[in-house]
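So in the numbering used here the end of the sequence shown lands on 262, straight run, no missing numbers.
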Amino acid sequence: MTPLLVVAMLMQAPAPDTSLFPAHEAMVRLYTNCDEPRWPWGTAERFVPKCDSELINGVALRRVLESRWRDWFALKGGDTIRPTPQDSWVFPLAERGRLLDNFNNPRADGPHEALDIFVPREGGLVRTPVSGVVVAMGDTWQGGWARAKGGFHYEGGGLSRRAGNGVMIFDPSSGGYVYFAHMMPGILVHTGDVVPAGEALGHVGHTGNAAQPGHGRHLHFAFKEPGTACNVEGVLVPIDPYRTLRSARARLPRAPGAPGHR
């Protein structure tokens with residue numbers, strides 16, 4: 001089944017009967033919107049660009065889903081899990097890591113519309129900065145880097161070829177999406193989970209294109225909100241979360257012996 005057919009099937013369903021949580025491949029396609037030329041579909045490096053009608057219909061479908069996810073969040077979260085204001089975000093790692101201010105840095109396939117947080121070793125705990133709904137999860141990424149296989153190779157699994165294992169969370173407070181990539185196998189949450197800010201999602205790994213030499217062990221963290229791009233109102237556009245994450249990291253307790261610890 002082609003990716004366009006998958007999305008078309010979702011769009012043709014009556015709004016009240018649409019699946020509350022589309023398959024993660026379709027959800028990633030709704031998320032990427034104008035960035036689609038940089039997000040190959042499937043195991044081959046094959047690009048599937050979007051036409052204007054798909055962009056417009058995708059926004060309409062996403063708005064239906066978001067309304068239902070807010071209801072789902074309220075139902076499952078009750079009085080215990082509340083939306084998270086932006087000034088109360090939790091740092092997405094349990095350790096300080098090395099937060100790079102590399103949003104929009106030029107890359108071979110376009111600007112880097114996310115931040116990277118490097119850790120000394122693989123396995124650092126990844127947490128959600130916001131309370132929200134897990135709307136996509138991809139685990140068991142299979143691939144890697146091997147000179148004998150021609151370099152970077154992908155056999156399947158995960159959120160996508162380049163993302164590796166990862167999680168996407170809808171934030172009912174902002175209407176935005178937080179996105180985590182390159183995680184280790186063994187994601188700790190499932191699609192449909194309502195999670196509080198600080199909930200453990202998994203661990204830093206080097207899946208996806210982070211498997212290439214020199215990429216290091218890091219968390220790829222992105223944040224998008226509805227905006228206007230591709231001449232379409234309502235598509236998701238990347239937002240630079242550096243200041244928000246830097247403030248969240250400053251609220252982390254310092255380890256005994258670290259500078260500034262009391």
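Don't be surprised by glycine CBs; every beta carbon is placed ideally from N, CA and C.
Query	Result
Under 9 angstroms between C-beta atoms of PHE73 and VAL194	yes
Supposed contact pair TYR179 and ALA148 - C-beta distance, whole angstroms, cut 8 angstroms	With a Cβ gap of about 32 angstroms, ALA148 and TYR179 do not count as contacting.
Local Cβ density within 10 Å of ASN209, reported as buried at 16 or more and exposed below that	buried
Beta-ladder partner(s) of LEU125, from DSSP	HIS203
Boundaries of the alpha helix (DSSP H) in which TRP69 is found, first to last residue	52-77
Spatial distance of SER67 from PRO129 (CA atoms)	21 angstroms
CB of GLY97 within 9 angstroms of CB of ARG249, strictly	yes
Per-residue burial, PRO238 [other beta carbons within 10 Å of its own, 16 or more giving buried]	buried
Neighbourhood of LEU10 by C-beta distance below 8 angstroms, restricted to the same chain and skipping five residues each side	Caution is warranted here: a pLDDT of 46 is assigned to LEU10, below 50, making its placement in the model unreliable, and the coordinate value is therefore given only provisionally. Closer than 8 angstroms at the Cβ level, and outside the excluded window around LEU10, lie THR18, SER19, PRO22, ALA26, LEU61.
Inter-residue CB distance, ILE187 and VAL204 (contact presumed, cutoff 8 angstroms)	With 8 angstroms as the limit, ILE187 and VAL204 do not qualify as a contact, their Cβ atoms being about 12 angstroms apart.
Run of the alpha helix (DSSP H) containing THR244, from where it starts to where it stops	242-250
8 angstroms CB neighbourhood of SER88 in its chain, flanking five on each side removed	ALA197
Euclidean distance between Cα positions of ALA163 and GLY138	9 angstroms
PRO37 in three-state terms, based on DSSP	helix
Spatial distance of GLY175 from GLY42 (CA atoms)	28 angstroms
Run of the alpha helix (DSSP H) containing GLU95, from where it starts to where it stops	No alpha helix (DSSP H) contains GLU95, which DSSP labels as neither H nor E.
Where ASP193 falls: helix, strand or coil (DSSP)	coil
CB of HIS24 within 9 angstroms of CB of ALA136, strictly	yes
LEU30, enclosing alpha helix (DSSP H) - first and last residue	24-32
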